[in-house]
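Protein chains in written order, with the numbering used here: chain A, 8 to 87; chain B, 12 to 114. The C-beta atom is built at its ideal place from N, Cα and C for all residues, glycine as well. Remember, it's a predicted structure, so these values are computed and weren't measured experimentally.
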Amino acid sequence: MVTPQDIKGWIEENLAGSRVEIDGDGHHFEALIVCPGFSGKNRIQRHQMVYGALGDRMKSEIHALSMKTLTPEEQASLEG
Amino acid sequence: MSIQEQIKELVESNEVVLFMKGSPDFPQCGFSSRASQILKQCGTHFASVDVLQNNEVREGIKQFSNWPTIPQLYIRGEFVGGSDIVMEMFESGELQKKLAGEA
Numbered sequence: 008m009v010t011p012q013d014i015k016g017w018i019e020e021n022l023a024g025s026r027v028e029i030d031g032d033g034h035h036f037e038a039l040i041v042c043p044g045f046s047g048k049n050r051i052q053r054h055q056m057v058y059g060a061l062g063d064r065m066k067s068e069i070h071a072l073s074m075k076t077l078t079p080e081e082q083a084s085l086e087g
Numbered sequence: 012m013s014i015q016e017q018i019k020e021l022v023e024s025n026e027v028v029l030f031m032k033g034s035p036d037f038p039q040c041g042f043s044s045r046a047s048q049i050l051k052q053c054g055t056h057f058a059s060v061d062v063l064q065n066n067e068v069r070e071g072i073k074q075f076s077n078w079p080t081i082p083q084l085y086i087r088g089e090f091v092g093g094s095d096i097v098m099e100m101f102e103s104g105e106l107q108k109k110l111a112g113e114a
């Protein structure tokens, strides 16, 4: 079964500069992905980047992944 | 008509169309339920396509949009996103503007 750690690893390996916080039960996952590369991209483009990092796994191993995508600046201003 | 052509026609002939699992009254998945609830709350009329009724459409829409998951929302022929994006846009007010043709 896929673990949150697996998904975190796959995204961080393949999406340069990304940091992932993730939770999940093996079927449904919720992730916060922070990446400077998201800057200037709309939500669809950002999600596509994450899907790209996960590749074929989205078709087979990951049933449901809920995503929040932020740049480091956006995250800082939310926490500020 | 190929499945891609059928999907193209659905997307072009309906102002707002949601590809989902189940129907707005009987959704079969939490994410699809959320997306259709949000659209209902916006008060817009929308078409919906139950991908569970047709496996070709279920796979075809993923290729068409280059997006691996369901639900998928189209507004005036443009792919808007899945359930996370629809929710974020609803919370920020962007969805309502887009539906009204202001965005």
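For Ile40 of chain A, name the three-state secondary structure that DSSP assigns.
Against the first sequence, residue 40 of chain A aligns to sequence position 33. Looking at Ile40 of chain A - three-state DSSP - the assignment turns out to be strand.
Kindly list, in the order they appear in chain B, the residues whose Cβ is closer than 7 Å to that of Met74 of chain A.
Your numbering for residue 74 of chain A matches position 67 in the first sequence. By Cβ distance, chain B contributes Asp95.
Would His56 of chain B be called buried (16 or more neighbouring beta carbons within 10 Å of its own) or exposed?
Here residue 56 of chain B refers to the residue found at position 45 of the second sequence. With fewer than 16 other Cβ atoms within 10 Å, it is exposed.
Do Leu106 of chain B and Cys53 of chain B have their CB atoms nearer than 8 Å?
Here residue 106 of chain B refers to the residue found at position 95 of the second sequence. Here residue 53 of chain B refers to the residue found at position 42 of the second sequence. Going by C-beta atoms, Leu106 of chain B is nearer than 8 Å to Cys53 of chain B.
From which residue to which residue does the beta strand (DSSP E) around Glu19 of chain A run?
For the purposes of this step, residue 19 of chain A is taken as the residue at position 12 of the first sequence. Glu19 of chain A -> not in any beta strand (DSSP E); alpha helix (DSSP H) instead, spanning 11-21.
Count the other CB atoms within 10 Å of the CB of Gln15 of chain B; is the residue buried (16 or more) or exposed (fewer)?
Taking the second sequence and counting its residues from 1, one reaches residue 15 of chain B at position 4. Its Cβ having fewer than 16 others within 10 Å, Gln15 of chain B is exposed.
Hey, how far is the Cα of Val57 of chain A from the Cα of Ile18 of chain A?
In the first sequence, residue 57 of chain A corresponds to position 50, counting from 1. In the first sequence, residue 18 of chain A corresponds to position 11, counting from 1. Using only the alpha carbons, I get a separation of about 7 Å.
DSSP bridge partner residues for Val57 of chain A (one or two, in chain order):
The residue given as residue 57 of chain A occupies position 50 in the first sequence. In DSSP, Val57 of chain A forms no bridge with anything.
Looking at chain A, is there any beta carbon in it that lies within less than 8 Å of the beta carbon of Phe42 of chain B?
Here residue 42 of chain B corresponds to residue number 31 of the second sequence, with the count starting at 1. Phe42 of chain B counts as touching chain A.
Proximity winner among A:Met8, A:Cys42, A:Met65, A:Ile14, relative to Ile29 of chain A (alpha-carbon distances):
Position 22 of the first sequence, counted from the first residue, corresponds to residue 29 of chain A. Measuring from the Cα of Ile29 of chain A, the nearest candidate turns out to be A:Ile14.
What whole-angstrom Cβ distance do Met31 of chain B and Val62 of chain B have, given they're in contact under 8 Å?
Reading the second sequence from its first residue, position 20 is the one you call residue 31 of chain B. Reading the second sequence from its first residue, position 51 is the one you call residue 62 of chain B. Indeed, because the Cβ distance is near 7 Å, the residues count as touching under 8 Å.
Taking 8 Å as the threshold, find out whether the stretch 69-77 of chain A comes into contact with the stretch 31-42 of chain A through three or more Cβ pairs.
yes
DSSP state of Arg28 of chain A, grouped into three classes?
The residue labelled residue 28 of chain A in the question sits at position 21 within the first sequence. The residue you asked about is not Arg; residue 28 of chain A is Glu in the sequence shown. Glu28 of chain A: strand per DSSP, three-state reduction.
Could you list which residues in chain A have their beta carbon closer than 8 Å to that of Pro82 of chain B, in chain order?
As a working note, residue 82 of chain B is residue 71 in the second sequence. Within 8 Å Cβ-Cβ: nothing; Pro82 of chain B doesn't reach chain A, min ~11 Å.
Here's the rule: buried if 16 or more other CB atoms are within 10 angstroms of the residue's CB, otherwise exposed. What is Gln83 of chain B?
Translated into positions along the second sequence, residue 83 of chain B becomes position 72. Classification for Gln83 of chain B: buried.
Listed in chain order, which residues of the stretch 38-57 of chain A have Cβ atoms closer than 8 Å to some Cβ of chain B?
Arg50, Ile51, His54, Gln55
Can you tell which of B:Gly93, B:Leu110, B:Ser103 has its C-alpha closest to the C-alpha of Arg53 of chain A?
Position 46 of the first sequence, counted from the start, is the residue given in the question as residue 53 of chain A. Among B:Gly93, B:Leu110, B:Ser103, the Cα nearest to that of Arg53 of chain A is on B:Gly93.
Measuring straight from C-alpha to C-alpha, what distance separates Ile49 of chain B and Ser103 of chain B?
Locating residue 49 of chain B in the second sequence gives position 38, where the first residue counts as 1. Locating residue 103 of chain B in the second sequence gives position 92, where the first residue counts as 1. If I take the Cα positions, the gap works out to 13 Å.
Tell me, please, whether the CB atom of Phe90 of chain B is closer than 8 Å to any CB atom in chain A?
As a working note, residue 90 of chain B is residue 79 in the second sequence. Yes, Phe90 of chain B counts as interfacial toward chain A.
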